[in-house]
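K.L.:
Residue numbers (my numbering): 208 to 441.
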Ligand code: C5P
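1. Whose C-beta lies closer than 7 Å to the C-beta of residue 251 among residues of the same chain, with five residues either side of it excluded?
2. Could you tell me the distance, in whole angstroms, from the CA atom of residue 365 to the CA atom of residue 324?
3. Is there at least one non-hydrogen atom of the ligand C5P closer than 7 Å to the beta-carbon of residue 400?
4. CA-CA distance, residue 319 and residue 235?
5. Straight-line CA distance for residue 384 to residue 216?
6. Give the DSSP bridge partners of residue 215, in chain order.
7. Could you tell me the boundaries of the beta strand (DSSP E) in which residue 254 lies?
8. Would you tell me roughly how many angstroms separate the C-alpha atoms of residue 244 and residue 268, rounded to the nearest one?
9. Can you tell me which of 416, 220 and 390 puts its alpha carbon nearest to the alpha carbon of residue 264?
10. Classify residue 439 as helix, strand or coil using the three-state DSSP reduction.
11. If we count the other Cβ atoms within 10 Å of its Cβ and call it buried at 16 or more, is residue 338 buried or exposed?
12. Would you kindly work out how many angstroms separate the C-alpha atoms of residue 239 and residue 273, rounded to a whole number?
13. If you run the structure through DSSP and keep just helix, strand and coil, what is residue 340?
14. Less than 8 Å between the CB atoms is what I'm expecting for residue 241 and residue 266, so what's the real figure, rounded?
15. What would DSSP say about residue 382, mapped onto helix, strand or coil?
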């Protein structure tokens with residue numbers, strides 16, 4: 208099986224703050240996640256600059272619109288040369304297929320494309336009562352993951368507690384990228400359902416997304432190294 212990676216969530220409000228953080232890494236070039244906050248603040252230039260510094264990039268913009276619009280937007284993102292990006296599986300299989308088409312470059316290559324199944328901030332109760340999805344959370348996550356696989360996507364973003372369910376539904380090579388990671392002795396913050404890097408790996412996570420346990424650590428480089436060591440067991 209392909210070896211996964213630790214992805215640092217660059218949840219910073221400006222390029223200046225993101226670069227100040229990245230400048231601390233002299234030896235390694237971590238895989239980083241650029242989310243809505245930093246992307247909307249700085250635009251596509253932040254992606255080009257961080258790519259130029261030698262980092263792999265997960266552009267976490269969670270697209271969800273009509274298929275044609277998502278296809279065109281994905282074509283723009285593929286020209287930005289990101290390594291991984293995502294959308295909401297709720298946009299339907301047609302939307303996901305259009306996204307794959309848009310993302311595919313003329314030479315046939317494309318960034319990894321992941322689907323968000325149900326956000327981990329959505330409880331089963333709200334999903335059923337507000338969204339009128341008449342199924343359990345595990346069944347919904349599995350079905351959305353299967354839809355993503357049918358559309359040709361590479362995997363899903365999900366809770367580390369759901370990674371096993373996804374692998375059961377879609378097979379071992381279908382990738383799972385999981386936020387909600389905390390060290391055993393660390394602060395949980397606003398995350399509710401968390402796992403340690405080691406347990407996430409054992410539970411079926413291929414990539415873990417880690418924000419505050421690294422970005423807010425006294426020594427972010429040491430925290431990153433600890434995370435990689437616990438996750439990959441090196
Ligand atoms: O600081 P922390 O480790 O909680 O950061 C986790 C990152 O993963 C944040 O960027 C957050 O937005 C993102 N995320 C999440 N839960 C999801 C999807 C994304 O925590 N279901």
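We put the beta carbon where it would ideally sit given N, CA and C, even for glycine.
P.N.:
This is what the structure gives:
1. To locate residue 251, count along the chain shown from 1; it is residue 44. The residues 287, in chain order, have a CB closer than 7 Å to that of residue 251 in the same chain once the five nearest residues on each side in sequence are set aside.
2. The sequence position of residue 365 within the chain shown is 158, counting from 1. The sequence position of residue 324 within the chain shown is 117, counting from 1. Cα-Cα distance, rounded: 7 Å.
3. Stepping through the chain shown from its first residue, residue 400 is reached at position 193. No, the Cβ of residue 400 stays beyond 7 Å of every heavy atom of the ligand C5P.
4. Numbered from its first residue, the chain shown carries residue 319 at position 112. Numbered from its first residue, the chain shown carries residue 235 at position 28. Straight through space, the alpha carbons of residue 235 and residue 319 are spaced by roughly 22 Å.
5. The residue you call residue 384 lines up with position 177 of the chain shown. The residue you call residue 216 lines up with position 9 of the chain shown. Cα-Cα distance, rounded: 12 Å.
6. Taking the first residue of the chain shown as position 1, residue 215 is located at position 8. Residue 215 is bridged by DSSP to 239 and 417.
7. Taking the chain shown and counting its residues from 1, the one referred to as residue 254 is at position 47. Element bounds for residue 254: not the beta strand (DSSP E) but the alpha helix (DSSP H), 251-259.
8. The residue given as residue 244 occupies position 37 in the chain shown. The residue given as residue 268 occupies position 61 in the chain shown. Rounded to the nearest angstrom, the gap between the Cα atoms of residue 244 and residue 268 is 9 Å.
9. If you number the chain shown from 1, residue 264 lands on position 57. Comparing Cα positions, the closest option is 416.
10. Against the chain shown, residue 439 aligns to sequence position 232. Shown here, residue 439 sits in a helix according to DSSP, grouped into three states.
11. As a working mapping, residue 338 is identified with position 131 in the chain shown. Flag for residue 338 reads exposed.
12. Taking the chain shown and counting its residues from 1, the one referred to as residue 239 is at position 32. Taking the chain shown and counting its residues from 1, the one referred to as residue 273 is at position 66. Spanning the two alpha carbons is a distance of roughly 28 Å.
13. Position 133 of the chain shown, counting from 1, holds the residue named residue 340. In the structure shown, residue 340 sits in coil (DSSP, three-state: anything other than H, G, I, E or B).
14. Counting from one through the chain shown, the residue named residue 241 turns up at place 34. Counting from one through the chain shown, the residue named residue 266 turns up at place 59. Indeed, because the Cβ distance is near 5 Å, the residues count as touching under 8 Å.
15. Here residue 382 corresponds to residue number 175 of the chain shown, with the count starting at 1. If DSSP states are grouped into helix, strand and coil, residue 382 belongs with the strands.
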